[in-house]
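Structure first, commentary second.
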Amino acid sequence: MPSQQGSPTVRRLRLGQELRLLRERRKYTGAKAARELGWSASKVSRIEAAKTMPSAEDIKSMAKLYRADGDKLDELVGLLRDAEQRGWWEDYEDTLPEEYTRFLGLEAEAIHQRNWEPQAVPGLLQTEDYAREVILATRGIARITHSGVRSRVEARLDRQQRVLHRPDPCRMSVILDEAALMRRFGEPSVMREQMEHLLEVSLLSHVGVQVLPLDSLHPVNTGAFIHLKFAEFDDVVYLEQLYSAHFVEDLERVAGYETAFDHMRSEALDEDESRVLIQRKAMLWRR
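Numbering-wise (my numbering), the sequence shown opens with residue 811 and increments by one.
And the structure:
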């Protein structure tokens, strides 16, 4: 389960954010702070962007330059200590893309995630067999080995346990295009089991699943995205493509994705109606 200190990925980002805010409050540019510290400007920039982990001595030097008091220094050192912890996802980092492992680190501390998926059932709601078929569908293009497929399936199941079934699970709001319930991955039995599992998971108190019917108005033409909300950090949107993924962190653009999700939710069936439709799809896959 996630540690009590929280996700090390989020702690790294918060540490960089706090150091940047301290610098800006003292009216220092990154270049000026670097000169005063005897560092390169890139070192300051990379620490603030959470691309380089500072040492405890680095933190003390920056805190002294920015005239941080003892309580703030203790907070920074605490963030550093938590940031150095190992996340569960790092057990799979050899077979998972770097951007995705960063996403898993962020997800570990999200309090709410909003997921729009037009093509397939989201990973957190997938069965083992369905997950394997989804990963195999891109194996020839992405050049994933047999062991890579196995590791990715294991990571997906591990993720489900640590996100959906932890003691303090985040809220999850999912909008599925009806097409995602009809696109076949594997044998019909795999699809039937997946529909039944989707129904079961949709009954969890912290999970909401809605379906956007094919005959409804489609207010936003966009690919899949996951919007993560945090208690102590700015929202982030995760976008995944065939060969890469990236994060939207600009607040105005993040707000645009939030609006897009709300538009689609307004056109989707409510949760009860969605379960009826999913049940119908499960019965169709019995044929």
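Where a beta carbon is used, it is the ideal one built from N, C-alpha and C, also for glycine.
Only a predicted model underlies this, so the values are computations on that prediction, with no experimental measurement involved.
| Query | Result |
| --- | --- |
| Quick check: R781 and E867, are their CB atoms within less than 8 Å of each other? | Because the chain in this structure spans residues 811 to 1097, residue 781 falls outside the shown range and cannot be described. |
| Whole angstroms is fine: what's the gap from M811's alpha carbon to R845's? | Low confidence applies to M811: its pLDDT is 33, below 50, so where it sits in the model is not reliable, and the reading given next is rough at best. Using only the alpha carbons, I get a separation of about 42 Å. |
| Since I believe A941 is in contact with R966 (beta carbons under 8 Å), could you give me their beta-carbon distance rounded to a whole number of angstroms? | 5 Å |
| Can you give me the C-alpha to C-alpha distance between R1096 and L1061, rounded to a whole angstrom? | 45 Å |
| Can you tell me which of R994, R981, H1028, E927 puts its alpha carbon nearest to the alpha carbon of S1076? | H1028 |
| How is R1063 classed by DSSP in three states: helix, strand or coil? | helix |
| Only counting the same chain, and skipping five residues up and downstream in sequence, which positions put a Cβ closer than 7 Å to that of E938? | V963, L967 |
| If you draw a straight line from the alpha carbon of G958 to that of T905, how long is it in whole angstroms? | 6 Å |
| Using three-state DSSP, classify R924 as helix, strand or coil. | strand |
| Nearest by alpha-carbon distance to H922: which of Q1051, S1054, A1078, V1046 is it? | V1046 |
| Over what stretch of residues does the beta strand (DSSP E) that includes A1055 continue unbroken? | 1055-1058 |
| Quick one: what's got a C-beta closer than 7 Å to L1079's C-beta in the same chain, skipping five residues either side? | Q1020, V1021, P1023, L1087 |
| Residues in its own chain within less than 6 Å of A860 by CB, not counting five upstream and five downstream? | R822, L823, G826 |
| Exposed or buried, which one is L1052 when buried takes at least 16 other CB atoms within 10 Å? | exposed |
| Counting along the chain, where does the alpha helix (DSSP H) carrying S852 start and finish? | 851-858 |
| Is there contact here, the segment 977-995 with the segment 1007-1019, by at least three beta-carbon pairs under 8 Å? | yes |
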